[in-house]
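Here's the structure we're looking at; comments come further down.
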Amino acid sequence: MSTAPAVTPQGSSTETNRWVVLVLVCLAQFMVVLDATIVNVALPSIQHDLDFSAGNLAWIINSYTLLFGGFLLLGGRAADLFGRKRVFLAGVILFSFASALCALATSQGMLIAFRGLQGLGAALVSPAALSIIMTTFADGAERTKALAAWGAIAASGSAFGLLLGGVLTESLSWEWIFLVNVPIGIAAFVASLRLIPESKGDGATGFDLFGAIFVTGGVVAIVYAIVRAESDGWGSTTTLGFGALGVALLIAFVLVERVHKHPLVRLGIFKTRSLSTANGVMVLAMAGMFAMFFFATIYVQEVLGYSPIKSGLAFLPFTVGIIGGSVAAQQLIPRIGVKAQILIGLVMAAVGLLLMTRITPEGGYVTELLPAVIVLAIGMGMLFVPLTLLATTNVNEHDAGLASGLFNTSQQVGGALGLAILSTFATSRADDRIADGVQASQALVDGYHLAFLIGAIFMAIGAVAITLLIRRADTATINAQEAGAVAMAH
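Start counting the sequence shown at 1203; every next residue gets the next number (the working numbering).
Take a look at the structure:
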């Protein structure tokens, strides 16, 4: 287990500098996570201005999440190899530049391509930022506090993106949801250049570009097959062809990693049971959460008739709940342990999604949507911190970037796959209901109900996996550190 050295940039105290570093990397991460959802409330405006078809509209989100998730592993390894600060700064520059290009886009193809470029920048920022945290803060109470802040930022950024997107779209135009990143990115770059120290992974060598291409292509092909299944059918040539291509590329990725001198993913890292289980559970959790944002945002605008700003305000309690859940997790982990904390978070998230199945076309926000949003938010807030600890603590320092990349990949790929799978089921259910003569608004809501139910099942599967796979030895180090920190405080 590694112990992070004190960070002492010139001219500042050790204590101050650690937390300044945290603020800077969290600012960049907030910008990255924000963009995963900020476009949701602007989708109707973008569709009208750039003449998007209903089928292509989802690719404004998917192109970002797929490139983000697909290249996170490469970003994590690059951070270990070339320097975490250097890769972090490069990602901030690329993300900010791509944001400006998105605002200037005049066609469907341009916007989808530039969103993908944004995702590539995010794939450099996110794992480098998490690696900086893991190597800046020593194991124990300080790292838990830092990760609590990171978890709150990572989850609340998604909800705040809906609010900010609504305000900017309604008061200015959809282009501003991208332009707002430019000054934030410039400020983060200038401050980070001066205040964040450089670090590399010990013994990190080699660069596996083909591995990144294979794993990204495989994930994209599988998601595309799932998306096309809704319109073409699961047995169509297109669906089966792209599905087979995706599987073949992922097999090629594994084969390359087995023989490459410096693999993108050292496959032996998956022998760490805590890391493998935590990443699998994160895929399931993000699948449910991304789908909730997508469907609930469309629901409040298309079914309830909310304006973009009102839609954003409707999800503001999610941000509050996430922060509250993260703070509660930080307090509860030393008392009940990491495993129990993860289970509580997953159960609450599942209950929140089940409560979502109560929404109706008539829409009682306070009685139907709000309770579900609050329960789900608190559950996700309580889940992020212990799951991050579980995924990264039992990893050697020279694999910090890889572990961070894997965990962030799980979030983005889980979101993309979840959105593709659940939107396919929701659309199919809605179409069947309309064919049965059900009113369109009720049919849409019925489709959302199915999506939320499947999302709750994902959370339940995650809880079963944690219960069966995580043993006392997997959490012993974390629990001992947290208990020791509480004892010292008293």
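Cβ atoms here follow ideal geometry from the backbone N, Cα and C, with glycine treated the same way.
Beta-carbon separation of residue 1428 and residue 1623 under 8 Å?
yes
Just how far apart, CA to CA, sit residue 1419 and residue 1457?
The alpha-carbon atoms of residue 1419 and residue 1457 are separated by roughly 15 Å.
Can you tell me where the alpha helix (DSSP H) with residue 1512 in it begins and where it stops?
1510–1516
Taking the straight line between their C-alpha atoms, what separation do you get for residue 1660 and residue 1517?
22 Å
Which same chain residues, not among the five before or five after residue 1662, have their C-beta less than 7 Å away from its C-beta?
1552
Between which two residues does the alpha helix (DSSP H) harbouring residue 1475 extend?
1475–1500
Tell me which same chain residues have a C-beta within less than 6 Å of the C-beta of residue 1319, skipping the five on either side of it?
Exclusion of the five residues before and after residue 1319 leaves 1300 as the residues of its chain whose Cβ lies within less than 6 Å of its Cβ.
Measuring straight from C-alpha to C-alpha, what distance separates residue 1210 and residue 1336?
At residue 1210 the pLDDT is 41, less than 50, meaning the model places this residue with poor confidence and gives no usable figure here.
Residues near residue 1632 in its chain [Cβ-Cβ closer than 7 Å; skip 5 each side]:
The residues are 1645, 1646, 1648 and 1649.
Suppose you measure from the CA of residue 1619 to the CA of residue 1449; what does that come to, to the nearest Å?
14 Å
Could you tell me the alpha carbon to alpha carbon distance between residue 1366 and residue 1514, rounded to whole angstroms?
7 Å
Taking the alpha carbon of residue 1626 as the reference point, which residue from 1219, 1268, 1313 and 1430 has its own alpha carbon closest?
1430
Are residue 1362 and residue 1521 closer than 8 Å when you measure CB to CB?
yes
Tell me whether residue 1377 is buried or exposed, calling it buried when 16 or more other Cβ atoms sit within 10 Å of its Cβ.
With 16 or more other Cβ atoms within 10 Å, it is buried.
Beta-carbon proximity check, residue 1483 vs residue 1244, cutoff 8 Å:
no
List the endpoints of the continuous alpha helix (DSSP H) containing residue 1594.
1572–1594
To the nearest angstrom, how far is the alpha carbon of residue 1374 from that of residue 1235?
22 Å
Is residue 1581 near residue 1527, with beta carbons less than 8 Å apart?
A contact, by the Cβ cut-off of 8 Å.
Which residue wins for smallest C-alpha separation from residue 1613, given the options 1669, 1325, 1386 and 1466?
1325
Residue 1348 to residue 1392 span [Cα, whole Å]:
22 Å
Proximal residues to residue 1499 (C-beta, below 7 Å), its chain only, five neighbours per side dropped
Spatial neighbours of residue 1499 in its own chain (CB-CB distance under 7 Å, excluding positions within 5 residues in sequence) are listed in chain order as 1242, 1243, 1364 and 1513.
Could you give the distance in angstroms between the alpha-carbon of residue 1493 and the alpha-carbon of residue 1590?
21 Å
Between the CA atoms of residue 1586 and residue 1578 - distance to the nearest angstrom
12 Å
So, are the CB atoms of residue 1261 and residue 1314 less than 8 Å apart?
Remark: C-beta atoms of residue 1261 and residue 1314 approach each other more closely than 8 Å.
Residue 1298, enclosing alpha helix (DSSP H) - first and last residue
Start and end: 1286–1306.
Buried or exposed (CB count within 10 angstroms, at least 16 for buried), residue 1533:
exposed
Using beta-carbon positions only, say whether residue 1547 and residue 1657 come within less than 8 Å of one another.
no
Report the option in 1639, 1477 and 1423 whose CA atom is closest to the CA atom of residue 1605.
1477
Going by DSSP in three states, residue 1260 sits in which element: helix, strand or coil?
coil
Straight-line CA distance for residue 1453 to residue 1272?
15 Å
Which of helix, strand or coil DSSP assigns to residue 1465:
coil
Residue 1473 versus residue 1596: straight-line alpha-carbon distance, rounded:
Just so you know, the alpha carbons of residue 1473 and residue 1596 end up roughly 11 Å apart.
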